[in-house]
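Per my numbering, numbering of the sequence shown is gapless, rising by one per residue and ending at 293. Here is the structure we will look at, set down as structure tokens.
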Amino acid sequence: MEEHSSKLKSIWGQWWEPFRKWLYPLWLLYETTIRFYEYALYTYYSIIDVPIEINEIAIQTLAIC
Numbered sequence: 229m230e231e232h233s234s235k236l237k238s239i240w241g242q243w244w245e246p247f248r249k250w251l252y253p254l255w256l257l258y259e260t261t262i263r264f265y266e267y268a269l270y271t272y273y274s275i276i277d278v279p280i281e282i283n284e285i286a287i288q289t290l291a292i293c
């Protein structure tokens, strides 16, 4: 079986390759940051809504983790 080592060409041409090398890591960083922030807010509001006794246990558990 033959292996083809030719790269597929972009439909947007040569100018897209340098742009893509910067865009993908920045997009990944943006998505990771936004998802982490949303998760942190959800966790914060979930802990705030529970009674105080459970709230203290939850905060201690999160601090240990």
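Ideal Cβ positions, reconstructed from N, Cα and C, are used throughout, including at glycine. As the structure is a computational prediction, the values presented were derived from the model and not from experiment.
query	result
Determine the DSSP secondary structure at S234, reduced to helix, strand or coil.	coil
At what residues does the alpha helix (DSSP H) containing W250 begin and finish?	W244 to I276
So, helix, strand or coil for I285, using DSSP?	helix
Which same chain residues, not among the five before or five after I287, have their C-beta less than 8 Å away from its C-beta?	I275
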